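Enquirer: As numbered in the numbering used here, the sequence shown has no gaps in its residue numbers, which increase by one up to the final residue, 177. Ideal Cβ positions, reconstructed from N, Cα and C, are used throughout, including at glycine. Predicted model only: the values in this text are computed from it and were never measured. Attaching a single structure in structure tokens format; questions to follow.
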Amino acid sequence: MSIREVRSSRGKGKGIPQTLRAFARILSTTSPGELQEMEMEAEQNDGRLARRPLKNVSREIEAHHMLHTEVMHLIQEYDASVKTLRRVNHPSNDEKYAHRNQLAHDLLTGELRVLKSVSSWLTNYCATLSAQIVHSF
41 MSIREVRSSR GKGKGIPQTL RAFARILSTT SPGELQEMEM EAEQNDGRLA
91 RRPLKNVSRE IEAHHMLHTE VMHLIQEYDA SVKTLRRVNH PSNDEKYAHR
141 NQLAHDLLTG ELRVLKSVSS WLTNYCATLS AQIVHSF
């Protein structure tokens with residue numbers, strides 16, 4: 041599954057793909073009943089599973105927190121790779137190697153930027169949902 045930045049549904053700011061959010065919701069299910077509920081909801085709407093936020097806000101937060109944890113692990117891995125590329129000493133006479141190293145560095149840096157954007161979005165989304173829970177009491 042690819043992780044990329046997408047425009048929010050309102051056209052303002054950035055978000056993450058609906059398929060990634062749906063994937064997190066499906067992975068966070070704890071019973072066959074929850075999956076059946078998602079299936080019935082999909083049949084009543086556009087046929088796509090877990091496209092809408094979970095009715096239980098705490099479970100929605102849990103699903104997205106799980107996704108955020110995985111994204112944070114990826115950020116750590118990509119960041120370590122970028123730092124490793126910076127430390128590699130390449131002979132000045134090997135321009136081909138230096139060019140490839142720069143391409144790899146640029147690619148990883150771009151991926152890292154996207155992952156950090158996803159992390160920020162997930163943090164804000166979970167905070168917004170948590171605030172809804174607090175204000176409902």
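Given that a residue counts as buried once 16 or more other Cβ atoms are within 10 Å of its Cβ, and exposed if not, what is R153?
Expert: As a position in the sequence shown, residue 153 is number 113, starting the count at 1. Per the 10 Å Cβ criterion, exposed.
Enquirer: Short check: CB of L169 to CB of I101, under 9 angstroms?
Expert: As a first step, residue 169 is located in the sequence shown; it is residue number 129 there, counting from the start. As a first step, residue 101 is located in the sequence shown; it is residue number 61 there, counting from the start. Yes, Cβ-Cβ distance for L169 and I101 is below 9 angstroms.
Enquirer: Straight-line CA distance for S159 to P57?
Expert: To locate residue 159, count along the sequence shown from 1; it is residue 119. To locate residue 57, count along the sequence shown from 1; it is residue 17. In a straight line, the C-alpha of S159 is about 13 angstroms away from that of P57.
Enquirer: When the Cα atoms are used, what is the spatial distance from Y118 to E110?
Expert: Looking up residue 118 in the sequence shown gives position 78. Looking up residue 110 in the sequence shown gives position 70. Approximately 12 angstroms, taken between the alpha carbons.
Enquirer: Are E81 and R92 closer than 9 angstroms when you measure CB to CB?
Expert: Translated into positions along the sequence shown, residue 81 becomes position 41. Translated into positions along the sequence shown, residue 92 becomes position 52. Yes, the Cβ-Cβ distance between E81 and R92 is below 9 angstroms.
Enquirer: Going by DSSP in three states, R47 sits in which element: helix, strand or coil?
Expert: Position 7 of the sequence shown, counted from the first residue, corresponds to residue 47. In the structure shown, R47 sits in a strand (DSSP, three-state: E or B).
Enquirer: Taking the alpha carbon of L17 as the reference point, which residue from R47, E83, T70, H108 has its own alpha carbon closest?
Expert: There is no way to answer for residue 17, as the model of the chain reaches only from 41 to 177.
Enquirer: Leaving out five residues before and five after H105 in sequence, what residues of the same chain have Cβ atoms less than 7 angstroms from its Cβ?
Expert: Position 65 of the sequence shown, counting from 1, holds the residue named residue 105. Excluding sequence neighbours, H105 sits near C166.
Enquirer: Could you give the distance in angstroms between the alpha-carbon of L94 and the alpha-carbon of A171?
Expert: Working through the sequence shown from its first residue, we reach residue 94 at position 54. Working through the sequence shown from its first residue, we reach residue 171 at position 131. Each residue's Cα considered, the two are about 16 angstroms apart.
Enquirer: Straight-line CA distance for I43 to E135?
Expert: Within the sequence shown, numbered from 1, the residue matching residue 43 stands at position 3. Within the sequence shown, numbered from 1, the residue matching residue 135 stands at position 95. So the two alpha carbons sit approximately 32 angstroms from each other.
Enquirer: In the DSSP assignment, find the alpha helix (DSSP H) that holds R61 and state where it starts and stops.
Expert: One-based indexing of the sequence shown puts residue 61 at position 21. R61 -> alpha helix (DSSP H) spans 58-67.
Enquirer: Just to check my reading of the structure: A144 and L125 have Cβ atoms closer than 8 angstroms, yes? What is that Cβ distance to the nearest angstrom?
Expert: For the purposes of this step, residue 144 is taken as the residue at position 104 of the sequence shown. For the purposes of this step, residue 125 is taken as the residue at position 85 of the sequence shown. The pair is a contact, with the Cβ atoms about 6 angstroms apart (cut-off 8 angstroms).
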